[in-house]
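Following the numbering used here, the numbering of the sequence shown begins with 5 at its first residue and continues without gaps.
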Amino acid sequence: MNEENITSLITVLQGIETELHHISDSLHTLAHHPPITDKSLSGMEEKLRRIAGFLEDISYKK
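What follows is the structure, encoded as structure tokens:
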């Protein structure tokens, strides 16, 4: 792997880490303050989509 690929991979992994932290925070909030409606779940769905996008980027760059 060349330096450019490693740098790109690190950037993608940092993005995934950030999104996982957001999901963790959301799950913690949901556990302690259950939603009255399903609105709070839509934010988590978007975070999971972003992670899927990061993973897709990694698979295309292999």
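Don't be surprised by glycine CBs; every beta carbon is placed ideally from N, CA and C.
Annotation: L34 to A56 spans about 22 Å, alpha carbon to alpha carbon. H25 and Q18 have their C-alpha atoms spaced approximately 11 Å apart. Going by C-alpha positions, L13 is about 19 Å away from K51.
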